[in-house]
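J.: Residue numbers (mature numbering (1 follows the signal peptide of the UniProt record, and there is no 0)): -26 to -1, 1 to 729.
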């Protein structure tokens, strides 16, 4: 509490005959002085009398039992002594101040009087038994604080404004954050009779802000100017490291490095080019230096191991570069001799084998009956691929090996492509296999053993999924692993030795087939595919383009593509290219529409089916979700397959004429109709989830449709499809899942497929 005292002078008091003592006669309290009983002092506008000997006891904190008592005279009195006058007004409450009985404060707009000694207890109008007596609302006084901003410092960005905050009792009461640089902003602050204020200036773009003064007492009707300044941020403490890696090796092989600080935390990690300088910038540093540990990995090349001679310690100083010279110890490693025995290389022909272990590649030219090469005996796995030879198939065995022996023999067998084959089989069990990499538990990798077992169980057409062609017509095998690519030649041998057919499928649900098929581009693109099929030993092409681009949707463009592919294939292989397609069934029948059965993809017009001369159409009857419906049957119903066949077969048209609309699409009689179905549903999948197709997301089913061999057999038998020449058997997505479930699907359907 502040007490404003208007005191009469000593002389005036004497003339009025009222004693000559005033508060001015009492000395200010000194914490280092010794006081005895009766000594009088003043402190913060009050007069105190010592009760007994004391030193360093603050009179304000004395309390009832302390060494000091509040005197009746001087500033402690509220009476007018000898004509002097006293005025008192309340100050704002402060948690750090001490108050005694009778002291008056303001807080949050209220007036309070202390009942007894207190410190740190917040006034509360609801507390009847506390130290503070609530007097009602206080008359509020205000003071003015003027914030003066400097001109914008150069180190502050152009759009940034200063932020200045004013606090009273720890609570922000005013803020300036939109003022222009170089301006002055004034705030009227409620202070009662007076209050302690602090000014905070948060940092700005890394610059430290400050206010002068940063704290002060602002009285009622008073004003205070506060100047704001900013100190430029200290430059980042950084340096750099130059790593000079030297080794007795040709070229610039790559290894790796790791830089850790004294706490073992990795600060930098990356590739290091040998016989070059690698610079690490913005490395945390200090004036006294920051210590780091540099570790460099060894590497192997050209039959030698290179090992760094040590681990390096480096200290980085502010704004300086530290150099580290890394040297490698060179040591020859054992080698493995790889011998290639070549059988069937035509006179005047040659090919190239490419060996790779993921980090190193070697090529071997085959111009005779044998060749050899030495590689490091380091336990790495090498894969071997052969360059295509027009008109010939090349089989490499083994196609991969581990370099952990002294010698490795590799057999290379080259055979001329077979003479023109017979026609497409009268009946077929067609299985798609995945060439692309996938994580699904129900679709294991396509191995040589899987293909052999599939042929043994009754598959006779294998379709590899999927190939693509880019905008320039280049043939691609998206997401095929090198290991899968290396297996294909041996798998094609298995298929052919079993009397089967191997097709390569383009497109897929994702659609990797995206060439420019306009004009002559279709011919260029078709020739590229025909060449790829012939040189890699495939027997033909399957068109599974479910989402064609604009130019591929045009029937005439696709016909030019097919014709060019056929011609190129035959010029290389000497045999005709098989051609199949796998369109999606669509349409419905009903009293209002008759037999409107068709294919979903736009290029499947009647002219397209006539002009393409397909050997077989693999009709996808699955993943309809009820969209296609014929004579009350949908994709999950027994009878749906027979209805699809009869509505689309040219052979059945006389019997179905009454149900067909004008210009109803049909498959020409010379093309086999193969009914495509899924083959797998995990027992954990409910019927509802199966019909909705949600199981496709994790391959717990291979498709949503008629999958049970018993239902498929019943449908085809009851429909009498075996009596029709155009009936060509069944197709499934996906053979890999049939392998997973122990070949139960093919064993269950091959009876109705072949009979």
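Where a beta carbon is used, it is the ideal one built from N, C-alpha and C, also for glycine.
Which stretch, first to last residue, makes up the alpha helix (DSSP H) that contains residue 542?
T.: Element bounds for residue 542: 529 to 547.
J.: With a threshold of 7 Å on Cβ separation, who are the neighbours of residue 535 within its own chain once the five nearest residues in sequence on each side are excluded?
T.: So the qualifying residues of the chain are 491, 496, 499 and 500.
J.: What residue range does the alpha helix (DSSP H) around residue 714 cover?
T.: From DSSP, the alpha helix (DSSP H) with residue 714 extends over 709 to 714.
J.: What are the start and end residues of the beta strand (DSSP E) that includes residue 652?
T.: Its beta strand (DSSP E) spans residues 646 to 652.
J.: Taking the straight line between their C-alpha atoms, what separation do you get for residue 49 and residue 203?
T.: Unreliable placement is indicated for residue 49, whose pLDDT of 36 sits below 50; no coordinate value is reported for it.
J.: Where does residue 320 sit, in a helix, a strand or coil, going by DSSP?
T.: It is coil, neither helix nor strand.
J.: Among 323, 295 and 249, which one has its Cα closest to the Cα of residue 301?
T.: Nearest of 323, 295 and 249 to residue 301, Cα basis: 249.
J.: Taking its Cβ as the centre, do 16 or more other Cβ atoms sit within 10 Å of residue 713, making it buried, or is it exposed?
T.: Residue 713 is buried by the Cβ-count criterion.
J.: Compute the beta-carbon to beta-carbon distance between residue 434 and residue 475, rounded to the nearest angstrom, for a pair I have assumed lies under 8 Å.
T.: Yes, residue 434 and residue 475 are in contact; Cβ-Cβ is about 7 Å, under 8 Å.
J.: In its own chain, which residues sit with a C-beta less than 6 Å from the C-beta of residue 159, not counting the 5 before and 5 after it?
T.: 121, 150 and 153.
J.: Have a look at 520, 467 and 545 and flag the residue whose alpha-carbon is nearest the alpha-carbon of residue 502.
T.: Nearest C-alpha to residue 502: 545.
J.: What does the alpha-carbon distance come out to for the pair residue 41 and residue 258?
T.: Residue 41 and residue 258: Cα-Cα distance of roughly 60 Å.
J.: To the nearest angstrom, report how far apart residue 78 and residue 86 are at their CA atoms.
T.: Rounded to whole angstroms, residue 78 to residue 86 spans 6 Å at the Cα level.
J.: Can you name the start and end residues of the beta strand (DSSP E) that residue 451 belongs to?
T.: Here residue 451 belongs to no beta strand (DSSP E), and DSSP marks it neither H nor E.
J.: Measuring CB to CB, does residue 246 end up less than 8 Å from residue 215?
T.: Contact flag unset, no.
J.: Per DSSP, which residues does residue 605 bridge with? Please list them.
T.: Answer is none; residue 605 lacks a bridge partner.
J.: Taking Cβ positions, are residue 381 and residue 310 nearer each other than 8 Å?
T.: It is a contact, given that the beta carbons lie within the stated cut-off.
J.: Measuring alpha carbon to alpha carbon, tell me which of 106, 11 and 647 ends up nearest residue 556.
T.: The shortest Cα separation from residue 556 among 106, 11 and 647 belongs to 647.
J.: Would you check if the distance between the CB atom of residue 289 and the CB atom of residue 264 is smaller than 8 Å?
T.: In contact: residue 289 and residue 264 (Cβ atoms closer than 8 Å).
J.: Terminal residues of the continuous beta strand (DSSP E) containing residue 21?
T.: Unbroken beta strand (DSSP E) run through residue 21: 20 to 24.
J.: Assuming contact is defined by CB atoms lying nearer than 8 Å, are residue 213 and residue 293 in contact in what I supplied?
T.: Contact flag set, yes.
J.: Could you tell me which residues DSSP puts in a beta bridge with residue 170?
T.: The partner list for residue 170 (beta bridge, DSSP) reads 191.
J.: Can you list the beta strand (DSSP E) stretches of 3 or more residues lying completely in the region 97 to 150, in chain order?
T.: As far as the region 97 to 150 is concerned, its whole beta strand (DSSP E) runs of at least 3 residues are 106 to 111, 116 to 122, 138 to 142 and 145 to 150.
J.: Figure out for me which residue from 114, 580 and 94 has the closest Cα to the Cα of residue 106.
T.: Selected option, being the one with the closest Cα: 94.
J.: Given this structure, state the Cα-to-Cα distance separating residue 90 from residue 73, to the nearest angstrom.
T.: Cα to Cα, the separation comes out at about 8 Å.
J.: Counting C-beta neighbours from all protein chains within 10 Å, is the total for residue 326 16 or more, i.e. buried, or is it exposed?
T.: Exposed, since its Cβ has fewer than 16 Cβ neighbours within 10 Å.
J.: Would you check if the region 610 to 618 and the region 686 to 693 touch, i.e. whether three or more CB-CB distances between them fall below 8 Å?
T.: Yes: the two stretches touch, three or more of their Cβ pairs being nearer than 8 Å.
J.: Which residue marks the beginning of the alpha helix (DSSP H) containing residue 496, and which one marks its end?
T.: That run of the alpha helix (DSSP H) goes 495 to 509.
J.: Can you tell me where the beta strand (DSSP E) with residue 431 in it begins and where it stops?
T.: Taken as a continuous stretch (DSSP letters only), residue 431 belongs to no beta strand (DSSP E), being part of the alpha helix (DSSP H) at 422 to 431.
J.: Given a threshold of 16 other Cβ atoms within 10 Å of its Cβ, counted over all protein chains shown, does residue 654 qualify as buried or as exposed?
T.: Looking at its Cβ environment, which holds 16 or more other Cβ atoms inside 10 Å, residue 654 is buried.
J.: Buried or exposed, going by whether 16 or more other CB atoms sit within 10 Å of the CB of residue 439?
T.: Residue 439 is buried by the Cβ-count criterion.
J.: What three-state label does DSSP hand residue 231 in the structure shown?
T.: Residue state, collapsed to three classes: strand.
J.: Mapping DSSP to helix, strand and coil, what is residue 299?
T.: Of the three classes helix, strand and coil, the one that applies to residue 299 here is strand, per DSSP.
J.: Please report how far the alpha carbon of residue 723 lies from the alpha carbon of residue 403, in whole angstroms.
T.: Each residue's alpha carbon lies about 9 Å from the other.
J.: Are residue 447 and residue 489 closer than 8 Å when you measure CB to CB?
T.: Yes, they are a contact pair.
J.: Buried or exposed: residue 516, going by 16 or more other Cβ atoms within 10 Å of its Cβ?
T.: When all chains shown are included, residue 516 counts as buried.
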